[in-house]
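S.K.: Sharing a structure, written as C-alpha cells. Questions coming.
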Amino acid sequence: MTRRAATQARVSALTLLAFTFAATLILALSFIATRERIAANENAARAALIAQTLPAGSFDNDLVADTVPLTGTEAAALGLAPGAVAHVARKEGVLVARVFEVETGRGYGGRIRLLVGVTADGRVSGVRVVAHKETPGLGDYIDRAKSNWADQLAGRGMETRWRVKKDGGDIDSVSGATISARAVTGAVGQAVGVADQLAARLKEQK
Amino acid sequence: MSDAKPTARWREIAHNGLWKQNAGVVQLLGLCPVLAVSTSVINGVSLGLATTLVTALSGASVALLRQFIPNEIRNPVFIMIIAALVTCVDQAMNAWMHGLYAVLGIFIPLITTNCIVMARAEAFASRNTVPEAALDGAMMGLGLTGVLAVLGALRELIGRGTLFSGAELVFGDAGRALVLHLVPAQMNYQYLLALLPPGAFIGLGLMVAGKQWLDARARTRAALQQAAAQLLPEAEGAR
Chain E
1 MTRRAATQAR VSALTLLAFT FAATLILALS FIATRERIAA NENAARAALI AQTLPAGSFD
61 NDLVADTVPL TGTEAAALGL APGAVAHVAR KEGVLVARVF EVETGRGYGG RIRLLVGVTA
121 DGRVSGVRVV AHKETPGLGD YIDRAKSNWA DQLAGRGMET RWRVKKDGGD IDSVSGATIS
181 ARAVTGAVGQ AVGVADQLAA RLKEQK
Chain P
1001 MSDAKPTARW REIAHNGLWK QNAGVVQLLG LCPVLAVSTS VINGVSLGLA TTLVTALSGA
1061 SVALLRQFIP NEIRNPVFIM IIAALVTCVD QAMNAWMHGL YAVLGIFIPL ITTNCIVMAR
1121 AEAFASRNTV PEAALDGAMM GLGLTGVLAV LGALRELIGR GTLFSGAELV FGDAGRALVL
1181 HLVPAQMNYQ YLLALLPPGA FIGLGLMVAG KQWLDARART RAALQQAAAQ LLPEAEGAR
C-alpha cells in the first residue's frame, strides 16, 4: 500500500515537472519573440515622456541614451536611489537643457513621480507628472492631462520661492487640494536646485 | 457527450456563458477587475477581450491535456497552464498594444487569479471535448466582456459624459475621432461617484437587479403561456 502511494506520488511529481518544463519553454519562446519590441516600446514611451518637458524641436539627440550621472547627495535631494542619472538635451551638440526625474513622498495619496526639464540657464522648461495617486477630480490637477496648473512653473529659476502662496511662496494652488500642489512645487524646487549644483560642478571640472 | 444534437449543445454552451451563468452578474466571479477597470468602455472591453482570450485558450488546453493530468495534481497544473497563457498575453499586449497595456497595467497579469478562468477549467474544460471547452471559455469571457462594456459605458457616461474615450490607445491616433462627447468637453464635467469604486458597486448592483428582473419577467410570461395553454383546451372542451 505504501509502495503504491509512493509510486503515485512519483508519477504526480514527474507529471508536474513535465508540465513545468513545457510551460517554461513556451514562456521562453514568447519572451524571445516579444523582447525587442517591448524594449523599443518602453524606450519610445520614455523618450516621449522626457521630450514633453522640453519645447518641441529644441533638441536633436537621443534623450534616453544621453545622460549625466548624479552624485549621491544630488540623487537624494531628488528622492532617487544612488546611481540615478539626469537626461541631457542637446541641439547640434550644444547643451540645451537637462531633464531630472524627481520623486516625492509628500503627495496626498502617496508618492508622486515627476520629470522636470531645466534649461542651460537654470529655468524650468516643463514639468510632467509621470505617476501619482492624488484624488481624481481634486488633487489630480497637478497632472498636465487634467489641467494647465503646471504651466505656471515653466520659466522660473532659482529666484523663485518654491512654495505655494499659502506657505508664503510664489506658486498658486487650488484651495482644498493644497497638499498635491505643495508636493509638486517642493519637488520642482529641489530639481532646480540640483540643476544649479550640477551645472556649477560640471563647470568646475572643466 | 450529450445525446442532444451538436448545434443544440453549442447553443446551450453559448447561452450558458453569455446569459444564464454570466460570470459578471450571475456567478459574480472575477469582481476585482470588473470593479477596478470598468471606468470606461474601452478599458472594460479591452480587459474583457484579454480575459476571453485566456479563458478560451485555457479551456482548450485543459480539455486537450486532461487525459495526462492526474486527478490529485490537477489544480497546480491548471494554474500553471493559465499562468503561462496569461504571461504570453501580457507580453504580446506589451509588445503590440503598449498604450493600452500601460492603462490596464497590473490587471493583465491578474487575469491569472480571476476565479472565472480557474472555475471553468475545473467545472467544464476538465470534463468536455476541446472545441466545447474552447467555446465555453470564449462565451464565458464574452459574457464578462458584455458586463464590462455596459458597466464601463454607464460609469463613463455618468462620470465624464463621454463614450469610447481612450480609443486612441487601441486604434492609434485615428481612434481619437471615435470619442463621443455627450457633454461638451470644455465644460469639464465630472461626477466622481461614478468613477470611483462605489460607482462600480452601485452600477454592478443595478445590472444584477436588471438581469434578475428580465429573468423574472420571462418566467412569468412562460408561466402565463403555459397556464393559458392548459386552460384553453378545457375551455374549448366545455363549449
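Order-wise, the sequence lines are chains E and P. Counting from 1, one number per residue, gives the positions in the first sequence under this note's numbering. Counting from 1001, one number per residue, gives the positions in the second sequence under this note's numbering. The beta-carbon is built from N, C-alpha and C at its ideal position, and this holds for glycine as well.
Do V64(E) and R46(E) have their C-beta atoms within less than 8 Å of each other?
M.R.: Position 64 of the first sequence, counted from the first residue, corresponds to residue 64(E). Position 46 of the first sequence, counted from the first residue, corresponds to residue 46(E). Yes; because the gap between Cβ atoms is below 8 Å, this pair is in contact.
S.K.: What residue range is occupied by the uninterrupted beta strand (DSSP E) comprising G1146(P)?
M.R.: Walking along the second sequence from the start, residue 1146(P) turns up at place 146. Counting along the chain, G1146(P) falls outside any beta strand (DSSP E), though it belongs to the alpha helix (DSSP H) covering 1130-1160.
S.K.: Can you check DSSP and say which residues form a bridge with A89(E)?
M.R.: Indexing the first sequence from 1 puts residue 89(E) at position 89. According to DSSP, which records beta bridges pairwise, A89(E) is partnered with A97(E).
S.K.: Compare the C-beta of L17(E) against all C-beta atoms of chain P and say whether one is closer than 8 Å.
M.R.: Position 17 of the first sequence, counted from the first residue, corresponds to residue 17(E). Not one chain P Cβ lies under 8 Å of L17(E).
S.K.: DSSP three-state label for S1038(P), please.
M.R.: Here residue 1038(P) refers to the residue found at position 38 when the second sequence is read from its first residue. S1038(P) falls in the coil class under three-state DSSP.
S.K.: Looking at C-alpha atoms only, which residue of G169(E), A150(E), R123(E) is the closest neighbour of A191(E)?
M.R.: Walking along the first sequence from the start, residue 191(E) turns up at place 191. Comparing Cα-Cα distances from A191(E) to each of G169(E), A150(E), R123(E), the minimum goes to R123(E).
S.K.: With distances taken from CA atoms, which of N1114(P), L1178(P), D1173(P), V1103(P) is nearest M1140(P)?
M.R.: Mapped onto the second sequence, residue 1140(P) falls at position 140. Out of N1114(P), L1178(P), D1173(P), V1103(P), N1114(P) has the C-alpha closest to the C-alpha of M1140(P).
S.K.: Using 10 angstroms around the beta-carbon of M1001(P), count the other beta-carbons present and answer buried if the total reaches 16, otherwise exposed.
M.R.: Translated into the one-based positions of the second sequence, residue 1001(P) becomes position 1. Unreliable placement is indicated for M1001(P), whose pLDDT of 44 sits below 50; the coordinate value is still reported in the next sentence. Per the 10 Å Cβ criterion, exposed.
S.K.: Please list the partners that P1076(P) has in chain E, where partner means a Cβ-to-Cβ separation under 7 Å.
M.R.: Within the second sequence, numbered from 1, the residue matching residue 1076(P) stands at position 76. The answer, in chain order, is L16.
S.K.: Measure from the alpha carbon of L49(E) to the alpha carbon of each residue in A145(E), G110(E), G72(E), then state which is nearest.
M.R.: Walking along the first sequence from the start, residue 49(E) turns up at place 49. Here the closest residue by C-alpha is A145(E).
S.K.: At a Cβ cut of 8 Å, what residues of the segment 1093-1125 of chain P count as close to chain E, listed as they run along the chain?
M.R.: Those would be N1094, A1095, W1096, H1098, A1102, in chain order.
S.K.: Please report the residue range of the alpha helix (DSSP H) in which I112(E) lies.
M.R.: Locating residue 112(E) in the first sequence gives position 112, where the first residue counts as 1. First-last for I112(E): 110-119, but that is the beta strand (DSSP E), not the alpha helix (DSSP H).
S.K.: 8 Å is my cut-off, CB to CB: does A1014(P) come that close to chain E?
M.R.: Within the second sequence, residue 1014(P) is the residue found at index 14, counting from 1. Answer no: the Cβ-Cβ gap between A1014(P) and chain E never drops below 8 Å.
S.K.: Following the continuous beta strand (DSSP E) through A131(E), name the residue where it begins and the one where it ends.
M.R.: The residue given as residue 131(E) occupies position 131 in the first sequence. Per DSSP, A131(E) belongs to the beta strand (DSSP E) from 124-131.
S.K.: Counting along the chain, where does the alpha helix (DSSP H) carrying P1006(P) start and finish?
M.R.: As a working mapping, residue 1006(P) is identified with position 6 in the second sequence. Counting along the chain, the alpha helix (DSSP H) containing P1006(P) begins and ends at 1006-1015.
S.K.: By Cβ distance, which residues of its chain are closer than 6 Å to L1244(P), with the 5 residues on each side in sequence left out?
M.R.: Residue numbering for chain P in the displayed model covers 1001 to 1239; residue 1244(P) lies beyond these limits and cannot be assessed.
S.K.: Spell out the partners DSSP gives T104(E) in its beta bridges.
M.R.: Taking the first sequence and counting its residues from 1, the one referred to as residue 104(E) is at position 104. DSSP output for T104(E) lists I112(E) as bridge partner(s).
S.K.: Along the chain, where does the alpha helix (DSSP H) that runs through V1077(P) open and close?
M.R.: Here residue 1077(P) refers to the residue found at position 77 when the second sequence is read from its first residue. Looking at the DSSP string, the run of the alpha helix (DSSP H) that includes V1077(P) is 1074-1096.
S.K.: If the cut is a Cβ gap below 8 Å, which residues of chain P does N41(E) touch?
M.R.: Translated into positions along the first sequence, residue 41(E) becomes position 41. Near N41(E) (Cβ distances below 8 Å), the residues of chain P are N1094, A1095, H1098.
S.K.: Between E74(E) and G155(E), what straight-line distance do the alpha-carbon atoms span, to the nearest angstrom?
M.R.: Walking along the first sequence from the start, residue 74(E) turns up at place 74. Walking along the first sequence from the start, residue 155(E) turns up at place 155. C-alpha separation (whole angstroms): 22 Å.
S.K.: Note the first and the last residue of the continuous alpha helix (DSSP H) segment covering T34(E).
M.R.: Here residue 34(E) is taken as the residue at index 34 of the first sequence, counted from 1. Start and end: 2-51.
S.K.: In the DSSP assignment, find the unbroken beta strand (DSSP E) run with T67(E) in it and report its ends.
M.R.: Locating residue 67(E) in the first sequence gives position 67, where the first residue counts as 1. Unbroken beta strand (DSSP E) run through T67(E): 67-69.
S.K.: Taking 8 Å as the threshold, find out whether the segment 1186-1198 of chain P comes into contact with the segment 1158-1174 of chain P through three or more Cβ pairs.
M.R.: Verdict: yes, contact present.
S.K.: Work out the CA separation of A183(E) and P82(E) for me, nearest whole Å.
M.R.: As a working mapping, residue 82(E) is identified with position 82 in the first sequence. As a working mapping, residue 183(E) is identified with position 183 in the first sequence. The alpha-carbon atoms of P82(E) and A183(E) are separated by roughly 22 Å.
S.K.: Would L1151(P) and S1038(P) be called neighbours here (beta carbons separated by less than 8 Å)?
M.R.: One-based indexing of the second sequence puts residue 1151(P) at position 151. One-based indexing of the second sequence puts residue 1038(P) at position 38. Contact flag set, yes.
S.K.: Do you know how far the Cα of L1178(P) is from the Cα of P1184(P)?
M.R.: The residue you call residue 1184(P) lines up with position 184 of the second sequence. The residue you call residue 1178(P) lines up with position 178 of the second sequence. C-alpha separation (whole angstroms): 15 Å.
S.K.: Since R113(E) contacts A131(E) with CB under 8 Å, what's their CB separation in whole angstroms?
M.R.: Within the first sequence, residue 113(E) is the residue found at index 113, counting from 1. Within the first sequence, residue 131(E) is the residue found at index 131, counting from 1. R113(E) to A131(E), Cβ: 4 Å. Contact.
S.K.: Please classify I1111(P): does DSSP put it in a helix, a strand, or coil?
M.R.: Counted from its first residue, the second sequence places residue 1111(P) at position 111. In the structure shown, I1111(P) sits in a helix (DSSP, three-state: H, G or I).
S.K.: Using a Cβ distance threshold of 8 Å, determine whether the segment 1167-1176 of chain P contacts the segment 1059-1078 of chain P, with at least three qualifying pairs required.
M.R.: The segment 1167-1176 of chain P is not in contact with the segment 1059-1078 of chain P.
S.K.: What's the gap between the Cα of V1170(P) and the Cα of G168(E)?
M.R.: Mapped onto the second sequence, residue 1170(P) falls at position 170. Mapped onto the first sequence, residue 168(E) falls at position 168. Whole-angstrom Cα-Cα distance: 45 Å.
S.K.: Measuring CA to CA, which of S1126(P), A1092(P), A1119(P), G1146(P) is closest to V1025(P)?
M.R.: Reading the second sequence from its first residue, position 25 is the one you call residue 1025(P). Among S1126(P), A1092(P), A1119(P), G1146(P), the Cα nearest to that of V1025(P) belongs to G1146(P).
S.K.: Provide the residue(s) that pair with V164(E) in DSSP beta bridges, ordered along the chain.
M.R.: Locating residue 164(E) in the first sequence gives position 164, counting from the first residue. BP columns for V164(E) point to I171(E).
S.K.: Tell me, to the nearest whole angstrom, how far the beta carbon of I997(P) is from that of D1090(P); I am working on the premise that it is less than 8 Å.
M.R.: Nothing about residue 997(P) can be reported from this structure: the residues present for chain P run from 1001 to 1239 only.
S.K.: What does the alpha-carbon distance come out to for the pair L1104(P) and L1193(P)?
M.R.: Counting from 1 along the second sequence, the entry for residue 1104(P) is found at position 104. Counting from 1 along the second sequence, the entry for residue 1193(P) is found at position 193. One C-alpha to the other measures close to 21 Å.
S.K.: Using a cut-off of 7 Å between C-beta atoms, extract the partners of M1080(P) located in chain E.
M.R.: What you label residue 1080(P) is simply residue 80 of the second sequence in a count that begins at 1. Those within 7 Å of M1080(P) in chain E are F19, T20, A23.
S.K.: Within the 8 Å Cβ cut-off, does G137(E) reach chain P?
M.R.: Along the first sequence, read from residue 1 onward, the residue named residue 137(E) stands at position 137. With 8 Å as the cut-off, G137(E) counts as an interface residue toward chain P.
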